[in-house]
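Visitor: FYI, the numbering for the sequence shown is 36 to 178, going by our numbering. The C-beta atom is built at its ideal place from N, Cα and C for all residues, glycine as well. This is the structure I want to talk about, given as structure tokens.
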Amino acid sequence: MKVQTKRKLLSECNLWCIVSLPPKVFVNAGAASKTNLLFFTKGEATEEIWYYDLSDLNITKRQPLTIAHFEEFFKLLPKRGVSERSWCVPIEEIEAKNYDLKAVNPNRKEKEDTRTPQELLSIIESCTEEIKDAMALLRRRGV
């Protein structure tokens with residue numbers, strides 16, 4: 036979305052919420068790109084945007100995005116509460132960043148990878164074996 040379009044949206048509509056969905060949420064529909072839900076009210080200017088971040092969820096065919104993933108969202112929504120997944124950004128900050136609306140969560144705690152080098156090597160070796168097996172199967176099938 037161009038800066039001009041974002042400026043118009045924020046001045047003519049109250050963009051009051053952006054929900055950042057996990058990657059691959061629409062992969063089965065052929066669209067594996069990043070998806071955000073925008074909630075806005077036409078006829079009022081935006082003063083502040085409330086963000087809710089679900090982008091860290093691991094969504095797969097066997098573990099799809101469900102309504103249960105939105106439980107905290109619905110709880111916080113009425114008062115636009117702040118949590119590890121949610122935060123507010125004033126319009127002045129968005130304007131200063133040239134109308135960049137990306138959901139960069141300031142509250143997310145980075146999880147430290149505590150695996151040992153030996154554990155990582157074991158994972159790599161396991162994956163390598165799976166790849167070798169898959170390649171052998173493809174060769175047997177003449178692919």
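Would you check if the distance between the CB atom of F109 and the CB atom of V54 is smaller than 8 Å?
Guide: No. Outside cutoff.
Visitor: Under the three-state reduction of DSSP, which class applies to V117: helix, strand or coil?
Guide: Three-state result, V117: coil.
Visitor: If you reduce the DSSP assignment to three classes, tell me which class E79 lands in.
Guide: DSSP places E79 in coil when its eight states are reduced to three.
Visitor: Counting C-beta neighbours from all protein chains within 10 Å, is the total for L155 16 or more, i.e. buried, or is it exposed?
Guide: With fewer than 16 Cβ atoms within 10 Å of its Cβ, L155 is classed as exposed.
Visitor: Quick one: what's got a C-beta closer than 8 Å to V38's C-beta in the same chain, skipping five residues either side?
Guide: N133, Y134.
Visitor: Name the DSSP bridge partner or partners of Y86?
Guide: Per DSSP, I53, W122.
Visitor: Taking 8 Å as the threshold (C-beta atoms), are L45 and T81 in contact?
Guide: Yes, the pair counts as a contact, with Cβ atoms nearer than the cut-off.
Visitor: Would you identify the three-state DSSP class for F61, choosing helix, strand or coil?
Guide: Coil at F61, not helix or strand.
Visitor: Please determine if the region 74-94 and the region 112-130 are in contact, where contact requires at least 3 C-beta pairs separated by less than 8 Å.
Guide: Flag = yes, the region 74-94 and the region 112-130 touch.
Visitor: Give me whichever residues DSSP pairs with N71 in a beta bridge.
Guide: DSSP output for N71 lists S55 as bridge partner(s).
Visitor: With T149 as the anchor, note down where its alpha helix (DSSP H) starts and where it stops.
Guide: That residue, T149, is in no alpha helix (DSSP H); it is neither H nor E in DSSP.
Visitor: Using CA atoms only, rank isn't needed, just tell me which of Y87, Q98, N93 is closest to E106.
Guide: Selected option, being the one with the closest Cα: Y87.
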